[in-house]
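Here the structure comes first, spelled out in structure tokens, and everything after it is commentary.
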Amino acid sequence: MASNSDSIYYVLTKIKHHPELIVSEKVQYTNTISVFIKDSLKIADAAFYFPDDRLMVNRLSNDFVAKNGDLLESFFVKTHQEKKNYHDVWATTAHVKKMRIYLLELSFE
Numbered sequence: 001m002a003s004n005s006d007s008i009y010y011v012l013t014k015i016k017h018h019p020e021l022i023v024s025e026k027v028q029y030t031n032t033i034s035v036f037i038k039d040s041l042k043i044a045d046a047a048f049y050f051p052d053d054r055l056m057v058n059r060l061s062n063d064f065v066a067k068n069g070d071l072l073e074s075f076f077v078k079t080h081q082e083k084k085n086y087h088d089v090w091a092t093t094a095h096v097k098k099m100r101i102y103l104l105e106l107s108f109e
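Residue numbers (full-length UniProt numbering): 1 to 109.
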């Protein structure tokens with residue numbers, strides 16, 4: 001089984017290079033970005049990491065944030081946050097079955 005960080009990395013990398021997979025992006029709060037992705041994207045252990053009609057929230061490890069700073073930064077800039085840095089990143093994931101999409105929300109703290 002892949003780790004949550006592996007799945008998050010895979011999805012972020014995939015949508016960065018293939019933005020056509022994105023159904024919608026939404027910046028609802030100053031420190032978050034919600035990305036809605038077609039659920040046809042193949043994700044390892046998707047049923048576990050993107051549970052059907054329920055949210056899963058995980059804090060990404062400090063190692064993950066440090067190792068993948070450039071990737072995370074490409075999403076952070078979309079928040080148009082005045083504060084130019086963050087220490088923690090929280091990932092909220094879900095599979096919205098009725099809409100046939102995956103939700104991946106990043107919260108930068």
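Beta carbons are placed, not taken as given, at the ideal position from N, Cα and C, and that holds for glycine.
- Along the stretch 42-75, the beta strand (DSSP E) occurs as fully enclosed runs of 3 or more residues at 56-59, listed in sequence order.
- DSSP, reduced to helix, strand and coil, places Lys-38 within a strand of the structure shown.
- For Tyr-102, the uninterrupted beta strand (DSSP E) run begins and ends at 101-108, by DSSP.
- Assigned with DSSP and collapsed to three states, Thr-30 falls in coil, not helix or strand.
- Excluding residues up to 5 positions away in sequence, Ile-37, Asp-39, Phe-50, His-95 lie with their Cβ nearer than 6 Å to the Cβ of Tyr-102 in the same chain.
- The three-state reading of DSSP puts Glu-25 in strand, counting E and B together.
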